[in-house]
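See structure below.
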Ligand SMILES: Nc1nc2c(ncn2[C@@H]2O[C@H](COP(=O)(O)OP(=O)(O)O)[C@@H](O)[C@H]2O)c(=O)[nH]1
Ligand SMILES: [Mg+2]
């Protein structure tokens, strides 16, 4: 049998916060590489998930949502999203079919329309959307964006994901792979480990607190026995926030640490020792060094 020549390319996944971008990247890669949560703006920096389909490598650029930025951190996130799009062979706009057009996506669609890269539209969450609304949304966005293709999927149930994956593979240009076949993401293990803890902050803390915090991996030591010891700082801006994260007698941070350690152990396939320290650092979101550590560029 003739071996097909390798193909490799980039697909930028853009969309409003909570559309399901990270969930889709994980579904296409076939394992978890990006953290997700029901809270908006879980993804802060740009992350690449690497999917293989036969001889084709599809590099998926998971981006923070595109939304109206207020803080410096927001600006950096939106900038990371657009710069993700700039490297792509295809831009995939993903829209929460349940939320529909109300999620303020029209300005984003307009900006996308003006770009020269080929665009596809993905309507996600078909498992919870009504069929007639779905068709209406598809027609509306088709007119606004003029995508080359429209896919209807559920990133959580996997419905339509295989078809989407083959369609994406077919769009990738011929060329050598950028990453080894078994690599699933471009994130360093330090960043990945910080992301997993941050995911627990989003899942276990209420309301605004996750947005007011950041996680940095300070030490990542692979031990001789095959386990790994990870030390992380959770940064918050105020002592009251620190108290909430610690919880009564340290119970909250303990439960965050346990869940993150379990998750990391599964992802890394080895035993993990996780040490979390909560630190008050006023205006951590104005700290350039910390920005770079959490994978964001500094935007003036
Ligand atoms: N019902 C349903 N929920 C989904 C689907 N895809 C994602 N979600 C949920 O939507 C929320 C946001 O997903 P996430 O991937 O973090 O969105 P992102 O902000 O666009 O990266 C999470 O709670 C997901 O579990 C889907 O196909 N169906
Ligand atoms: Mg995300």
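Numbering (our numbering), first residue to last: 369 to 668. By construction, the Cβ of each residue, glycine as well, lies at the ideal position given by its N, Cα and C atoms.
Pull up the CB-CB distance for residue i and residue j, whole angstroms please, since I reckon it's below 8 Å.
i: residue 490; j: residue 532; result: 7 Å
i: residue 650; j: residue 605; result: 6 Å
i: residue 469; j: residue 513; result: Actually they do not touch by this definition, with Cβ atoms about 12 Å apart.
i: residue 432; j: residue 411; result: 5 Å
i: residue 519; j: residue 526; result: Rounded, the Cβ-Cβ distance is 13 Å, inconsistent with contact.
i: residue 516; j: residue 488; result: 6 Å
Closest by CA to residue i, which one among the options?
i: residue 556; options: 391, 388, 656 and 413; result: 413
i: residue 495; options: 504, 486 and 521; result: 521
i: residue 456; options: 633, 379 and 497; result: 379
i: residue 576; options: 613, 601, 484 and 655; result: 613
i: residue 539; options: 493, 498, 458 and 504; result: 458
i: residue 595; options: 403, 431, 638 and 620; result: 638
i: residue 435; options: 477, 505, 415 and 396; result: 477
i: residue 485; options: 410, 463, 502 and 452; result: 452
i: residue 666; options: 446, 530 and 640; result: 446
i: residue 661; options: 633, 466, 558 and 643; result: 558
i: residue 483; options: 422, 450 and 492; result: 450
i: residue 546; options: 377, 372 and 373; result: 377
i: residue 429; options: 448, 441 and 497; result: 448
i: residue 405; options: 479, 553, 396 and 390; result: 390
i: residue 464; options: 381, 566, 530 and 418; result: 381
i: residue 702; options: 561, 586, 497 and 569; result: This structure does not reach residue 702, given that the chain is present from 369 up to 668, and the question cannot be answered.
i: residue 535; options: 422, 411 and 525; result: 422
i: residue 585; options: 403, 574 and 566; result: 566
i: residue 368; options: 591, 492 and 488; result: Look at the range of the chain in this structure, 369 to 668, and you will see that residue 368 is not part of it.
With a CB to CB cut of under 8 Å and the five nearest residues on each side skipped, what residues in its chain are close to residue i?
i: residue 549; result: 420 and 425
i: residue 652; result: 582, 603, 604, 605 and 658
i: residue 609; result: 577, 580, 581 and 648
i: residue 621; result: 602, 613, 614, 615, 644 and 646
i: residue 572; result: 620, 623, 624 and 627
i: residue 569; result: 577, 578, 581, 583, 602, 613 and 624
Leaving out five residues on either side along the sequence, give the residues of the same chain with a beta carbon under 6 Å from the beta carbon of residue i.
i: residue 386; result: 408
i: residue 631; result: 564
i: residue 373; result: 542
i: residue 415; result: 402, 430 and 555
Sorted by chain position, which residues of the same chain lie with C-beta nearer than 7 Å to residue i's C-beta, five sequence neighbours on each side aside?
i: residue 369; result: In this prediction, residue 369 has a pLDDT of 47, which is less than 50 and means its spatial position is unreliable; what the coordinates show is noted afterwards. Here the set comprises nothing.
Collect the residues with a C-beta less than 6 Å away from any heavy atom of ligand 1 and give them in sequence order along the chain.
-> 383, 385, 386, 387, 388, 389, 390, 391, 404, 405, 406, 410, 411, 433, 492, 493, 495, 496, 522, 523 and 524
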